[in-house]
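Before any comments, here is the structure.
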Amino acid sequence: MIDKTIGSAAEAVADIPDGASIAVGGFGLSGNPTALIDALLAQGTTDLEIVSNNCGVDDWGLGVLLQAHRIRRIVASYVGENKEFERQFLSGELELELTPQGTLAEKLRAGGSGIAAFFTQTGVGTQVAEGGLPRRYAADGSVAVASPKKDVRTFAVRGEEREFVLEEAIATDFSLVHALAADRHGNLVFNKAARNFNPIAAMAGRICIAQVERLVEPGELDPDAVHLPGVYVHRIVEVGSGIEKRIEKRTVRAGGGN
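Shown next, in the form of structure tokens:
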């Protein structure tokens, strides 16, 4: 039997070196692999290149690595909930490749599927394709690194010629994800919104490390319920169902009416 379980989060991330590229699951604060992120923070790994939908908030998720200045570069689609992210980016301490959300998802999926690049209409006619988006600022506020111009080609779709921009796939050294359940072979089940970027982030990593709330024996998971097959997963850490989960914004109605 292939048993992929690891005794602790610290042990699971112990070989992630300085300068590694890591795809991280989660959307907002839903489905963040916080135990693995905290273990990475504790061991002091730095100079990281992170690929994730967003960078958590100031004191949670990837935000804790950011606060400790452990992230050198991030590829993301949304960064609006993190004030420290804004400060580091505008001061030139952090490099950002801002990517349309659907494009980012497909770049990760393509990387995990062995596809080198793909064409998409998203970004045509904007700086995404034409280049010039700030990626890193200099200390004086000028643009030190800007995004390059991308290849744009015309294809006929349903008899209509349209322009498409070439986007390269993303494949990383490691990936960190959170799942509801797993068996010892690494088959993963995600819970509702926590499914988000977790499966495609897992696919993109050469070594995928999954923290799971519940570990079961092989054969206990319904094959039709498996969201990600174990072939993509290399290490599993059981963190329990009591792991803390936060909500970005809680909205309630005054008065309790219908």
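Following the numbering used here, the numbering of the sequence shown begins with -7 at its first residue and continues without gaps.
Virtual Cβ for every residue (Gly too), placed ideally from N, Cα, C.
Three or more Cβ pairs drawn from the stretch 180 to 192 and the stretch 213 to 229 lie within less than 8 Å of each other, which places the two stretches in contact. With contacts defined as CB atoms closer than 7 Å, Tyr129 and Gly84 qualify as a contacting pair. Straight across, the Cα-Cα distance linking Ala217 with Lys184 is about 12 Å. Nearest to Ile(-2) by alpha-carbon distance, out of Pro9, Val204 and Ser233, is Val204. Listed in chain order, the non-local C-beta contacts of Asp(-5) below 7 Å within the same chain comprise Arg176, local neighbours out to five positions each way being set aside. The three-state secondary structure of Leu100, taken from DSSP, is helix. Secondary structure of Gly197 (DSSP, three-state): strand.
In the three-state DSSP reduction, Thr95 falls in the helix class (H, G or I).
For Cys200, the closest of Gly222, Asn188 and Val67 by C-alpha to C-alpha distance is Gly222. In this structure, Ala108 lies near Ala161, with their beta-carbon atoms less than 7 Å apart. Burial state of Ile29 is buried, judged by a 10 Å Cβ sphere holding 16 or more other Cβ atoms.
If you draw a straight line from the Cα of Val157 to the Cα of Pro210, it is about 43 Å long. Cβ atoms of Val137 and Glu87 come within 8 Å of each other, at about 6 Å. In the three-state reduction of the DSSP assignment, Pro126 falls in the strand class, which pools E and B. Taking C-beta atoms as the reference points, Leu32 and Val5 count as a pair closer than 7 Å. For Glu78, the enclosing alpha helix (DSSP H) starts and ends at Lys75 to Leu82. Here Ile(-2) carries a coil assignment [DSSP, helix/strand/coil]. Of the residues Gly117, Pro126, Gln35 and Phe19, the one whose Cα lies closest to the Cα of Glu73 is Phe19.
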